[in-house]
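Visitor: Read left to right, the sequence shown gives residues 0 to 246 (numbering that gives the first Met the number 0). Just so you know, even glycine gets a beta-carbon here, dropped at the ideal spot from N, CA and C.
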Amino acid sequence: MIKDEELLNRVDKSKLPRHVAIIMDGNGRWASYRGLLRSAGHSAGVKTLKKILTVAVNLKLEALTVYAFSTENWKRPHAEVDFLLHLFSEYLEKEKREMHEKNVRINFLGRWEEFSTGIQNQIRDATSLMKNNTGVKFSIAANYGGQDEILRAAQKLADDVAKGKISPAQITSELFESALDTCELPPVDLLIRTSGDLRISNFLLWQAAYAELWFTNTTWPEFSPEEFVDALIDFSKRDRRFGGLSS
Ligand code: IPE
Ligand code: IPE
Ligand code: MG
0 MIKDEELLNR VDKSKLPRHV AIIMDGNGRW ASYRGLLRSA GHSAGVKTLK KILTVAVNLK
60 LEALTVYAFS TENWKRPHAE VDFLLHLFSE YLEKEKREMH EKNVRINFLG RWEEFSTGIQ
120 NQIRDATSLM KNNTGVKFSI AANYGGQDEI LRAAQKLADD VAKGKISPAQ ITSELFESAL
180 DTCELPPVDL LIRTSGDLRI SNFLLWQAAY AELWFTNTTW PEFSPEEFVD ALIDFSKRDR
240 RFGGLSS
């Protein structure tokens with residue numbers, strides 16, 4: 000393990016992504032490789048999240064968004080879904096004070112109002128506790144699906160048209176973005192997925208339009224601050240053209 004400061008100094012701070020999004024995948028595989036229950040993998044994954052958020056805080060990243068539970072994850076066995084929701088609740092309870100002390104501004108993406116009243120209250124409490132913080136914008140996508148988010152935004156704008164508040168021609172990409180769950184966030188610059196699968200799995204479909212993609216075979220519980228910094232360094236060397244030509 001190298002020292003935190005030395006690690007952070009490896010990154011050119013002027014070339015940091017504004018918004019990093021992470022598909023935290025591979026908890027189940029991490030556990031099964033070790034003959035453990037999938038739940039043990041999810042618990043180990045929470046520890047990784049804590050470490051990666053700390054790096055984001057220390058580097059003063061503008062925004063970090065993590066995929067915690069997708070709208071498709073309800074297809075999993077009831078016991079696993081229950082465990083994940085329990086872990087989510089425990090994580091918020093245990094970590095919110097420390098996050099607040101680190102000036103983190105927490106936010107939640109997705110249809111979290113479909114969770115139990117207890118979890119909804121925790122989400123509201125954590126959001127309101129940190130609402131005036133000015134540090135890392137840390138978003139947790141929970142019961143989130145990119146297609147679902149786009150549909151909800153379309154429905155909201157269609158409703159505004161039906162009520163005569165706006166005309167169809169007024170629906171610009173800026174207005175559309177203001178109706179998304181990520182309305183307070185910049186576009187995703189760097190999208191990381193752990194554990195080897197090369198897909199987006201319905202994450203931030205609109206926001207990742209020009210994201211740089213970074214995949215690793217490392218499972219999420221094993222993903223380290225060192226590897227996170229490697230991804231940031233790799234990002235700093237990418238030539239982003241946005242459809243234009245190299246500058
Ligand atoms: C990611 O790990 C966590 C969630 C999707 C909630 P997985 O549980 O998907 O782990 P694998 O992909 O089965 O290894
Ligand atoms: C994506 O991982 C969702 C989260 C990390 C929360 P999945 O494990 O659900 O994705 P698929 O099924 O491999 O596409
Ligand atoms: Mg998975």
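1. Sorry if obvious, but does the Cβ on Asp-24 come closer than 7 angstroms to a heavy atom of ligand 3?
2. For Gly-117 and Ser-88, which I take to be in contact (beta-carbon distance under 8 angstroms), what is that distance rounded to the nearest angstrom?
3. For the 8 angstroms Cβ check, are there 3 or more pairs between the segment 219-233 and the segment 199-208?
4. Below 8 angstroms between beta carbons: does that hold for Ala-30 and Leu-36?
5. Should Gly-40 be counted as a contact of ligand 3 given a C-beta to heavy atom distance under 7 angstroms?
6. Helix, strand or coil for Val-65, going by three-state DSSP, please let me know.
7. Only counting the same chain, and skipping five residues up and downstream in sequence, which positions put a Cβ closer than 8 angstroms to that of Ser-245?
8. If you draw a straight line from the C-alpha of Lys-14 to the C-alpha of Lys-49, how long is it?
9. Buried or exposed: where does Asp-233 fall if 16 or more other Cβ atoms within 10 Å of its Cβ makes it buried?
10. Give the single residue among Ile-149, Met-23, Val-10, Asp-159 whose Cα lies nearest to the Cα of Leu-194.
11. Would you mind stating whether His-18 and Glu-71 have Cβ atoms separated by less than 8 angstroms?
12. Taking just the CA atoms, how far does Asp-11 sit from Asp-159?
13. Taking 7 angstroms as the cut-off, is the beta-carbon of Gly-27 closer than that to any non-hydrogen atom of ligand 3?
14. Compute the Euclidean distance between the alpha carbons of Ile-165 and Asn-142, then round it to the nearest angstrom.
15. Does DSSP put Glu-211 in a helix, in a strand, or in coil?
16. Between the beta-carbon of Leu-86 and the beta-carbon of Val-45, is there less than 8 angstroms?
17. If you measure from the CB of Arg-96, is any heavy atom of ligand 1 nearer than 7 angstroms?
18. Can you pull the DSSP bridge partners for Asn-106?
19. Under 7 angstroms from any heavy atom of ligand 1, does the C-beta of Arg-198 make it?
20. Taking only heavy atoms of ligand 1 into account, decide whether any of them is closer than 7 angstroms to the Cβ of Trp-111.
21. Suppose the cutoff is 7 angstroms on Cβ atoms and the five residues either side in sequence are ignored; what does the same chain contact list for Gly-27 look like?
22. Anyone know if the C-beta pair for Trp-219 and Gly-25 falls short of 8 angstroms?
23. Kindly indicate which residue of Glu-4, Asn-8, Lys-59, Leu-63 has the alpha-carbon position closest to the one of Leu-189.
24. Pop quiz: Phe-137 and Val-103 are said to be a contact at Cβ under 8 angstroms. What is the actual Cβ separation, rounded to whole angstroms?
25. Which term fits Phe-241, buried or exposed, when burial requires 16 or more other beta carbons within 10 angstroms of its beta carbon?
Guide: Working from what's here:
1. Stepping through the sequence shown from its first residue, residue 24 is reached at position 25. Look at Asp-24: its beta carbon is less than 7 angstroms from one of the heavy atoms in ligand 3.
2. Walking along the sequence shown from the start, residue 117 turns up at place 118. Walking along the sequence shown from the start, residue 88 turns up at place 89. In this structure, Gly-117 and Ser-88 form a Cβ contact; the two beta carbons are roughly 7 angstroms apart against a cut-off of 8 angstroms.
3. Using a C-beta cut-off of 8 angstroms, the segment 219-233 makes no contact with the segment 199-208, since fewer than three inter-stretch Cβ pairs fall below that distance.
4. Within the sequence shown, numbered from 1, the residue matching residue 30 stands at position 31. Within the sequence shown, numbered from 1, the residue matching residue 36 stands at position 37. Closer than 8 angstroms, so yes.
5. By one-based count along the sequence shown, residue 40 stands at place 41. Checking the Cβ of Gly-40 against ligand 3 gives no.
6. By one-based count along the sequence shown, residue 65 stands at place 66. In this structure, Val-65 counts as strand in the three-state DSSP scheme.
7. The count along the sequence shown starts at 1 and reaches residue 245 at position 246. The residues are Asp-238.
8. Looking up residue 14 in the sequence shown gives position 15. Looking up residue 49 in the sequence shown gives position 50. A straight-line Cα-Cα distance of about 24 angstroms links Lys-14 and Lys-49.
9. As a working mapping, residue 233 is identified with position 234 in the sequence shown. Here Asp-233 is exposed. Its C-beta has fewer than 16 other C-beta atoms within 10 Å.
10. Counted from its first residue, the sequence shown places residue 194 at position 195. It should be noted that the sequence gives Ser, not Leu, for residue 194. By alpha-carbon distance to Ser-194, the top candidate from Ile-149, Met-23, Val-10, Asp-159 is Met-23.
11. Along the sequence shown, read from residue 1 onward, the residue named residue 18 stands at position 19. Along the sequence shown, read from residue 1 onward, the residue named residue 71 stands at position 72. No Cβ-Cβ contact shorter than 8 angstroms links His-18 with Glu-71.
12. Here residue 159 corresponds to residue number 160 of the sequence shown, with the count starting at 1. Here residue 11 corresponds to residue number 12 of the sequence shown, with the count starting at 1. Cα to Cα, the separation comes out at about 44 angstroms.
13. Along the sequence shown, one-based indexing puts residue 27 at 28. Yes; taking the cut-off as 7 angstroms, the Cβ of Gly-27 has a heavy atom of ligand 3 nearer than that.
14. Here residue 165 refers to the residue found at position 166 of the sequence shown. Here residue 142 refers to the residue found at position 143 of the sequence shown. The alpha-carbon atoms of Ile-165 and Asn-142 are separated by roughly 29 angstroms.
15. Here residue 211 refers to the residue found at position 212 of the sequence shown. Residue state, collapsed to three classes: strand.
16. By 1-based counting over the sequence shown, the position of residue 86 is 87. By 1-based counting over the sequence shown, the position of residue 45 is 46. Taking 8 angstroms as the Cβ cut-off, Leu-86 and Val-45 qualify as a contacting pair.
17. As a working mapping, residue 96 is identified with position 97 in the sequence shown. No, the Cβ of Arg-96 stays beyond 7 angstroms of every heavy atom of ligand 1.
18. As a working note, residue 106 is residue 107 in the sequence shown. Beta-bridge pairing links Asn-106 to Ser-138.
19. Within the sequence shown, residue 198 is the residue found at index 199, counting from 1. No, the beta carbon of Arg-198 sits no closer than 7 angstroms to any heavy atom of ligand 1.
20. Your numbering for residue 111 matches position 112 in the sequence shown. No; taking the cut-off as 7 angstroms, the Cβ of Trp-111 has no heavy atom of ligand 1 nearer than that.
21. Residue mapping note: residue 27 aligns to position 28 of the sequence shown, counting from 1. The beta carbon of Gly-27 sits closer than 7 angstroms to the beta carbons of Arg-37, Gly-40 from its chain, once the five residues preceding and following it are set aside; these are given in chain order.
22. By one-based count along the sequence shown, residue 219 stands at place 220. By one-based count along the sequence shown, residue 25 stands at place 26. Contact flag set, yes.
23. Within the sequence shown, residue 189 is the residue found at index 190, counting from 1. That would be Leu-63, whose Cα lies nearest to the Cα of Leu-189.
24. The sequence position of residue 137 within the sequence shown is 138, counting from 1. The sequence position of residue 103 within the sequence shown is 104, counting from 1. Between Phe-137 and Val-103, the beta carbon gap of about 5 angstroms places them in contact (Cβ cut-off 8 angstroms).
25. Working through the sequence shown from its first residue, we reach residue 241 at position 242. With a 10 Å radius around the Cβ and a threshold of 16 neighbouring Cβ atoms, Phe-241 comes out exposed.
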